[in-house]
Amino acid sequence: MAYPLQLGLQDATSPVMEELIQFHDHTLMIALLVSTMVFYTILTSVTTKLTNKNMLDSQGIETIWTIAPALILILIAMPSLRVLYMMDEVNNPHLTVKTIGHQWYWSYEYTDYKNLEFDSYMIPTQDLIPRQFRLFDTDHRMVVPTDSPVRMLITADDVIHSTAVPTLGVKMDAIPGRLNQTTFVVSHPGVFYGQCSEICGANHSFMPITVEAIPLIHFEDWSTSMLAKI
Amino acid sequence: MSLQKPVMRGLLARRLRFHLPIAIAIGLTSAVSFKYMVTEPRKRAYAEYYKHYDVNKEFNAMREAGVFESVQPTGK
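Chains as they are written, first to last, in the UniProt record's numbering: chain A, 1 to 230; chain B, 1 to 76.
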């Protein structure tokens, strides 16, 4: 999860997020290459004792600094499109979870077999117990099985919200009247946090998403016990 | 004695011949350094993490620590 003074992306918990991190490293490397070259060029330009009058007929350099950026952009576009299409692959999800954004909480519905629905409110700061995280933990978590493709159908009840869980590489707008779909696979068990990512009113900062990933056999026990409570 | 005629042509080209290889070298060095100091160790770290990853052991450790709400620690 996020931590103070964090500079980079959160560690990945899904294969897609691992690919996204590698793509980010690739693109940052290229940005660093270009930035250091430009910085050196600027440095030498401002410290030179020469005054260059040779700014006419500069076809040579114009050609170079048109073609070079084009090649660099191609180098960036190729892995970008690769990850983009990978995120869109049909992966036969084992489970579908419907996520609905409200002002100011999320509700989750597991309706593949029986009707399991519950709301997920942020735990107020004054009600936190020692192991819980301020502004991140919720009273009910979205529980999913590990190593299983999960389809998330996202919409909203009132205004636009956005569900995001950085460590899974998930971010999708929740728009009233529209059903958005995303899929993810959780690589290992744990608890993963995210926050609403589209301004939605007074308590926009206080409607987090908490995903709990457990092995399939325990997930089945959990869903049975949740259904029994209803 | 007469003064040597000053060079007034090809100044940019001369400057570029000197500085461009240095600029390219600095750029490539920083890119390669980033690749081998950040990118590759990160890939290795992920591979190493998952090479000996025991799902059940990690899950049970988290379960016993009371991290989950959907499964309680054994004995509760």
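Ideal Cβ placement from N, Cα and C applies to all residues, glycine included. The model shown is predicted, which means the values in this text are computed figures rather than measured ones.
8 Å Cβ cutoff, residue i in contact with chain B
i, result
"A:Asp25", "yes"
"A:Asn54", "Below a pLDDT of 50, predicted positions are generally treated as unreliable, and A:Asn54, at 48, falls in that range; the measurement from the model is reported next regardless. Interface residue, yes."
"A:His218", "yes"
"residue 234 of chain A", "Here chain A covers residues 1 to 230 and nothing more, so residue 234 of chain A does not appear."
"A:Arg131", "yes"
"residue 231 of chain A", "Outside the displayed span of chain A (1 to 230) sits residue 231 of chain A, for which this structure offers no information."
"A:Gln10", "no"
"A:Thr63", "no"
"A:Glu18", "yes"
"residue 292 of chain A", "Coverage of chain A is limited to positions 1 through 230, which leaves residue 292 of chain A absent and any answer about it impossible."
"A:Met87", "no"
Where residue i meets chain A, residues with beta-carbon distance less than 7 Å
i, result
"B:Glu69", "Arg141, Glu212"
"B:Gly58", "A small correction: the amino acid at residue 58 of chain B is Glu; Gly does not occupy that position in the sequence shown. Chain A residues near B:Glu58: His188, Pro189."
Rounded separation between residue i and residue j - CA only
i, j, result
"A:Pro149", "A:Val90", "10 Å"
"B:Glu58", "B:Ser70", "16 Å"
"A:Thr96", "A:Arg178", "17 Å"
"A:Trp104", "A:Gly8", "29 Å"
"A:Ser223", "A:Leu116", "8 Å"
"A:Thr47", "B:Gly10", "19 Å"
"A:Leu128", "B:Gly66", "15 Å"
"B:His19", "A:Thr27", "25 Å"
"A:Ile214", "A:Leu168", "15 Å"
"A:Ser107", "B:Glu40", "40 Å"
"B:Gly27", "A:Leu81", "25 Å"
"A:Met78", "A:Ile64", "21 Å"
"B:Tyr53", "A:Ser205", "35 Å"
"residue 298 of chain A", "A:Asn180", "It is not possible to answer for residue 298 of chain A, since the shown part of chain A is limited to 1 through 230."
"B:Ala45", "A:Leu32", "22 Å"
"A:Phe184", "A:Pro93", "9 Å"
CB contact check: residue i to chain A, cutoff 8 Å
i, result
"B:Leu3", "no"
Interface partners of residue i on chain A, CB under 8 Å
i, result
"B:Gly75", "Ordered by position in chain A, no residue passes the 8 Å Cβ test against B:Gly75, which lies about 16 Å from the chain."
Classification of residue i by the beta-carbon crowding that lies within 10 angstroms, buried from 16 upward
i, result
"A:Leu5", "exposed"
"A:Lys53", "Any reading at A:Lys53 is ruled out, since the residue's pLDDT is 44, under 50, leaving its predicted position unreliable."
"residue 253 of chain A", "Residue 253 of chain A cannot be examined here, being either before or after the span of chain A that is shown, 1 to 230."
"A:Thr163", "buried"
"A:Thr66", "exposed"
"B:Pro21", "exposed"
"A:Gly101", "buried"
"B:Ala31", "buried"
Cross-chain neighbours of residue i in chain B, by beta carbon under 7 Å
i, result
"A:Met29", "Ala31, Phe34, Lys35, Thr39"
"A:Thr146", "Val55"
Proximal residues of chain B, C-beta to C-beta of residue i below 9 Å
i, result
"A:Gln59", "Correct list: empty, because the minimum Cβ distance to chain B is about 13 Å."
Checklist entry - Which residues, taken in chain order from the stretch 30-56 of chain B, show a beta carbon closer than 8 Å to some beta carbon of chain A? => result Ser30, Ala31, Phe34, Lys35, Val38, Thr39, Arg42, Lys43, Tyr46, Tyr50, Tyr53, Val55, Asn56
Next on the checklist: Residues of the stretch 186-198 of chain A in Cβ contact with chain B at a cutoff of 9 Å, in chain order, please.
Outcome noted: Ser187, His188, Pro189, Gly190, Val191
Checklist entry - When Cβ atoms are compared, which residues of the stretch 93-107 of chain A fall closer than 9 Å to chain B? => result none
Next on the checklist: Along the stretch 33-49 of chain A, where does the CB come closer than 9 Å to a CB of chain B? Name the residues.
Outcome noted: Using a CB distance below 9 Å, the part of the stretch 33-49 of chain A facing chain B consists of Leu33, Val34, Ser35, Thr36, Met37, Val38, Phe39, Tyr40, Thr41, Thr44, Thr48, ordered along the chain.
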